[in-house]
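K.L.:
Each residue of the sequence shown is one higher than the one before, counting from 7 in my numbering.
Let me begin by handing over the structure; questions about it come next.
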Amino acid sequence: MYLKRPEQVKKAPHIQDVPPGQFVTEKFPIMTYGSTPNIDLANWTLKVFGSVENPIEFTWAQFLDLPWKMVEAPFHCVTQWSKLENTWEGVVFSDLISLVKPPKSARFVIVHCYGDYTTNIPIEALDDKLAILAHKHDGTVITPEHGWPIRLVVPERYGWKSAKWINAIEFVEEDKPGFWEIRGYHNNGDFWKEERFWPELS
Ligand SMILES: Nc1nc2c(c(=O)[nH]1)N[C@H]1C(S)=C(S)[C@@H](COP(=O)(O)O)O[C@H]1N2
Ligand SMILES: [Mo]
7 MYLKRPEQVK
17 KAPHIQDVPP
27 GQFVTEKFPI
37 MTYGSTPNID
47 LANWTLKVFG
57 SVENPIEFTW
67 AQFLDLPWKM
77 VEAPFHCVTQ
87 WSKLENTWEG
97 VVFSDLISLV
107 KPPKSARFVI
117 VHCYGDYTTN
127 IPIEALDDKL
137 AILAHKHDGT
147 VITPEHGWPI
157 RLVVPERYGW
167 KSAKWINAIE
177 FVEEDKPGFW
187 EIRGYHNNGD
197 FWKEERFWPE
207 LS
């Protein structure tokens, strides 16, 4: 399938800095709760809804028509591995925000996936020109296990917020904890502050 070249590359700051309690790996392990969903591009859609002026539902062809960019950013999993060097290609979340126009009151995003995984993210962590809806990792199309065709990558949070196989993005005014956030993972997940688990568990 024809894919555009990225028109812009943006690098995360401090790529070589290792957050507290993490160790560096060259590998990219697979961390999935449950199994890899079977997805067919012919009926794939990405719905953007909730508190936005312009709700949209993209088909795969429409999604490929959006501005295509590249981001370089580390990936930090709460189970303590960090893969520092990664390139991600796809649609930068800030560009999606400009399209759908959430009001100022929409401060959180709930991401929905094939297979019912969800995660909640404050909009600041998505509107940083680094968070990306990625179709390629390190130059090749993402494998099914890593989230094909589209996964979210949120470079400013632990990896569980980087939802794989996403199919809907919901803008909300009130925060709503997602799959792991109701099962003991920290609601915010900032790795510089080691926000790994619920404060009462650590
Ligand atoms: N849909 C979905 N997304 C998910 C997960 C999952 O189980 N289901 N696991 C999360 C966790 S805990 C991590 S660390 C990253 C890992 O991504 P990877 O498997 O590509 O390394 O995906 C996140 N996204
Ligand atoms: Mo994880």
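No residue lacks a Cβ here, since even glycine has one placed at the ideal position from N, Cα and C.
It should be emphasised that the depicted structure is a prediction, and the values quoted were computed from it without experimental measurement.
#1: Taking the alpha-carbon of ALA18 as reference, which of THR31, GLU162 and SER57 has the nearest alpha-carbon?
#2: Distance, Cα to Cα, ASN194 vs GLU151?
#3: Got a sec? Which residues, its chain only, sit under 7 Å from VAL30 by beta carbon, not counting five neighbours each side?
#4: Excluding sequence positions up to five away, which residues of its chain have a Cβ less than 8 Å from the Cβ of SER57?
#5: Would you list the residues sitting across from CYS219 in a DSSP beta bridge?
#6: Taking LEU70 as the reference, give the member of LEU158, LEU139, TRP204 and GLY145 with the closest Cα.
#7: With a threshold of 8 Å (Cβ to nearest heavy atom), would TYR123 be considered close to ligand 2?
#8: Ligand 1 and PRO25: does the residue's C-beta get closer than 8 Å to at least one heavy atom of that ligand?
#9: In this structure, how does DSSP classify LYS10 when only helix, strand and coil are distinguished?
P.N.:
Taking the definition as stated:
#1: Of THR31, GLU162 and SER57, the residue nearest in Cα terms is GLU162.
#2: Take the alpha-carbon of ASN194 and the one of GLU151: they are about 25 Å apart.
#3: Excluding positions up to five away in sequence, the list reads VAL24, SER88 and LEU90.
#4: Within the same chain, Cβ atoms closer than 8 Å to the Cβ of SER57 are found at PRO108, PRO109, SER111, ALA112, PHE177, VAL178 and GLU179, the five residues on either side in sequence being excluded.
#5: No statement about residue 219 is possible, as the shown extent of the chain runs from 7 to 208 and does not include it.
#6: The shortest Cα separation from LEU70 among LEU158, LEU139, TRP204 and GLY145 belongs to LEU139.
#7: TYR123 Cβ: outside cutoff for every heavy atom of ligand 2.
#8: PRO25 Cβ: outside cutoff for every heavy atom of ligand 1.
#9: Correct three-state label for LYS10: coil.
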